[in-house]
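Participant:
In this note's numbering, the protein residues as written are 1 to 78.
#1: Straight-line CA distance for residue 31 to residue 47?
#2: Can you tell me which of 1, 52, 27 puts its alpha carbon nearest to the alpha carbon of residue 12?
#3: Can you check whether the CB of residue 67 is closer than 8 Å to the CB of residue 39?
#4: Rank 7, 44, 21, 20 by C-alpha distance to the C-alpha of residue 63 and give the top, closest one.
#5: Determine, using beta carbons only, whether residue 34 and residue 23 come nearer to each other than 8 Å.
Given below as structure tokens:
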């Protein structure tokens, strides 16, 4: 996670942001990959327990990370 923060703070990107679509897409892809890794390591139950957002936001997070929605999530019905 700390490497992600360093990457995002570093002024040089893999693809410069001056290139319209791929310039921003590389950052989004890296953030999504780190998010997926954190979700898989922590587990859905732990993330749900500490999730400050809405149920819809949590459902979107599950979809984005590709985690199985049938995994128990502390009885929230998600």
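Every residue, glycine too, gets a C-beta built ideally from N, C-alpha and C.
Facilitator: On the basis of the coordinates in this document:
#1: 17 Å
#2: Closest in C-alpha terms to residue 12, from the list 1, 52, 27, comes 27.
#3: Result yes, Cβ atoms of residue 39 and residue 67 sit closer than 8 Å.
#4: 44
#5: no
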